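In this text, residue positions in the sequence shown follow my numbering: the first is 534, and each later residue adds one. Cβ atoms here follow ideal geometry from the backbone N, Cα and C, with glycine treated the same way. Just so it is clear, the structure is predicted and the values come from calculations on it, not from any experiment. Before any comments, here is the structure.
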Amino acid sequence: MKNKPIIIVSGEPYSVFLEIFFKVFKTNLYKKYKHPIVFIGSKKIIKMQMKKFNFSFEINLIKKNQLKNIKLSNKKINLINVDLNFKKPFGKISKKSSKYIEKCFDIGLDIMKDKLGLALINGPISKKYFLAGKFKGITEYLSHKTNKQGNEVMLIYNKFLSVSPITTHIALKDVPKKISTRIILKKMVSINNFYKNKLKKIPRFAVTGLNPHCESNFHNSEEDKIIKPAIKLAKKKKIKVEGPYAADTLFIKKNIKKFDVVVGMYHDQVLTPIKTLYNFNAINITLGLPFIRISPDHGPNNKMLGQKKSDPTSLREALIFLRKINGN
């Protein structure tokens with residue numbers, strides 16, 4: 534298939550994602566996009582939300598098995614319909630959506646497994662209801678579904694600075710038990726290869742410590758026994774890396790100008806500063822899967838549902854990024 538489509542999985546139906554999708558769909562970026570875009574979700578709720586938002590877009594219904602031969606354009610919403618008995622366009626997030634979300638993901642993953650899609654984008658998911666404690670996040674869910682457990686890497690990408698947490702959605706008390714020299718090195722190698730192969734760039738890494746000021750009141754701290762050895766091994770592999778740095782000063786503007794990627798030990802250590810610096814101008818990329826997976830860097834935000842105030846920047850940036858790495 535010469536011109537493979539971008540696959541978008543709708544995610545939580547009662548999130549702001551459809552509003553964001555509609556806002557991006559009406560732009561020239563979407564309509565003139567070289568690759569066709571295929572949305573997987575409910576025709577019923579799309580039409581209900583369009584009516585409420587006062588949008589009017591044509592829908593082109595397609596089936597998964599048509600993707601090999603069908604010629605698509607982005608002038609209509611190319612939709613693989615997944616039925617769900619929605620009674621209203623704007624409801625509360627609950628476990629009732631879980632089967633729908635899983636079915637959407639299953640269709641999207643089948644498309645990617647059959648190599649019919651160029652990349653997969655998914656809308657935000659409620660971890661509380663959909664994952665229900667089975668997985669720490671969608672990153673881990675997708676690595677499980679694709680049999681790539683242990684290879685997954687969360688990269689929050691911005692063209693000026695990206696960040697990657699070694700541990701993702703776990704309690705702070707568990708972080709020291711989940712970091713190791715091997716894991717830190719493995720994730721840096723994965724990110725380094727991604728930058729070289731997809732972005733044609735040799736990245737400059739900074740690695741944070743775990744403890745405040747990279748210090749502790751005991752001998753043989755995590756910095757000494759885990760993080761510094763990982764940095765040393767990475768340098769032997771010709772990775773451009775420095776650290777460990779104290780996270781409280783690393784993100785000062787004059788410091789971050791020196792780096793392309795900051796690797797942190799836990800989720801909020803690096804996601805809080807990058808969201809403060811760039812707001813929604815970042816995307817969540819999962820490395821280590823058999824395909825490129827991207828999620829806009831925001832949650833379902835059910836409280837904003839129906840208000841037409843949600844920012845579409847992150848989804849727009851996801852499409853721009855995919856255009857960049859695919860040379861069009």
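Does the pairing of the stretch 725-743 with the stretch 784-800 give three or more beta-carbon distances under 8 Å? Under the Cβ criterion (8 Å, minimum of three pairs), the stretch 725-743 counts as touching the stretch 784-800.
In the DSSP output, what is Arg826 paired with across the bridge? Position 293 of the sequence shown, counting from 1, holds the residue named residue 826. Paired residue(s): Leu653 and Thr819.
Is the number of C-beta pairs between the stretch 575-583 and the stretch 615-625 that are closer than 8 Å three or more? The stretch 575-583, when compared against the stretch 615-625, does touch it at the 8 Å Cβ threshold.
In chain order, what residues of the same chain lie with their CB nearer than 8 Å to the CB of Asn812, ignoring the 5 residues before and after it? Your numbering for residue 812 matches position 279 in the sequence shown. Within the same chain, Asn812 has close Cβ partners Asp844 and Thr846.
Over the uninterrupted beta strand (DSSP E) stretch that includes Ala739, give me the two end residues. Against the sequence shown, residue 739 aligns to sequence position 206. Counting along the chain, the unbroken beta strand (DSSP E) around Ala739 starts and ends at Arg737 to Thr741.
Using a Cβ-Cβ cut-off of 6 Å (strictly less than) and excluding sequence neighbours within five positions of Ile825, which residues of its own chain qualify? Residue 825 sits at position 292 when you count from the first residue of the sequence shown. In chain order, Ala652 place their CB closer than 6 Å to the CB of Ile825, counting only its own chain and leaving out the 5 sequence neighbours on each side.
When you compare each of Lys841, Ile827 and Asn835 to Ile539 by their alpha carbons, which one comes out closest? Position 6 of the sequence shown holds residue 539. That would be Ile827, whose Cα lies nearest to the Cα of Ile539.
Thinking C-beta only, is Asn684 closer than 9 Å to Gly839? Here residue 839 is taken as the residue at index 306 of the sequence shown, counted from 1. Here residue 684 is taken as the residue at index 151 of the sequence shown, counted from 1. Not a contact, by the Cβ cut-off of 9 Å.
Which listed residue (Tyr566, Phe727 and Thr782) has its alpha carbon closest to that of Pro745: To locate residue 745, count along the sequence shown from 1; it is residue 212. Of the candidates Tyr566, Phe727 and Thr782, the one whose C-alpha sits nearest the C-alpha of Pro745 is Thr782.
Under 9 Å between C-beta atoms of Gly742 and Met687: Numbered from its first residue, the sequence shown carries residue 742 at position 209. Numbered from its first residue, the sequence shown carries residue 687 at position 154. Their beta carbons are not under 9 Å apart, which means Gly742 does not touch Met687 by this criterion.
Over the uninterrupted alpha helix (DSSP H) stretch that includes Phe572, give me the two end residues. By 1-based counting over the sequence shown, the position of residue 572 is 39. It is not in any alpha helix (DSSP H) - Phe572 instead sits in the beta strand (DSSP E) that spans Ile570 to Gly574.
Within its chain, find whatever has a CB closer than 8 Å to the CB of Pro709; leave out the 5 residues flanking it on each side and keep chain order. For the purposes of this step, residue 709 is taken as residue 176 along the sequence shown, with counting starting at 1. Here the set comprises Leu743 and Glu755.
Have a look at Met484 and Asn655 and give me their C-alpha separation to the nearest angstrom. This structure cannot settle anything about residue 484, because the visible part of the chain is limited to 534 through 861.
DSSP three-state call for Ile853: helix, strand or coil? Translated into positions along the sequence shown, residue 853 becomes position 320. DSSP places Ile853 in the helix class (H, G or I) of the three-state scheme.
Closest to Val774 by CA distance: which of Val795, Leu855 and Phe784 is it? Taking the sequence shown and counting its residues from 1, one reaches residue 774 at position 241. The residue with the shortest Cα to Cα distance from Val774 is Val795.
My guess is that Gly832 and Pro657 are in contact by the Cβ rule of under 8 Å, so how many angstroms apart are they, rounded? As a position in the sequence shown, residue 832 is number 299, starting the count at 1. As a position in the sequence shown, residue 657 is number 124, starting the count at 1. With a Cβ gap of about 5 Å, Gly832 and Pro657 count as contacting.
Please report how far the alpha carbon of Ile724 lies from the alpha carbon of Lys584, in whole angstroms. Along the sequence shown, read from residue 1 onward, the residue named residue 724 stands at position 191. Along the sequence shown, read from residue 1 onward, the residue named residue 584 stands at position 51. If I take the Cα positions, the gap works out to 42 Å.
Nearest to Phe693 by CA position, among Ile570, Glu545, Asn814 and Pro829, is which residue? Here the question's residue 693 lines up with position 160 in the sequence shown. Shortest Cα-Cα distance from Phe693 to any of Ile570, Glu545, Asn814 and Pro829 involves Asn814.
Cutoff 8 Å; reference Asn726; Cβ partners in own chain excluding five residues on either side: As a working note, residue 726 is residue 193 in the sequence shown. Answer for Asn726: no residue qualifies.
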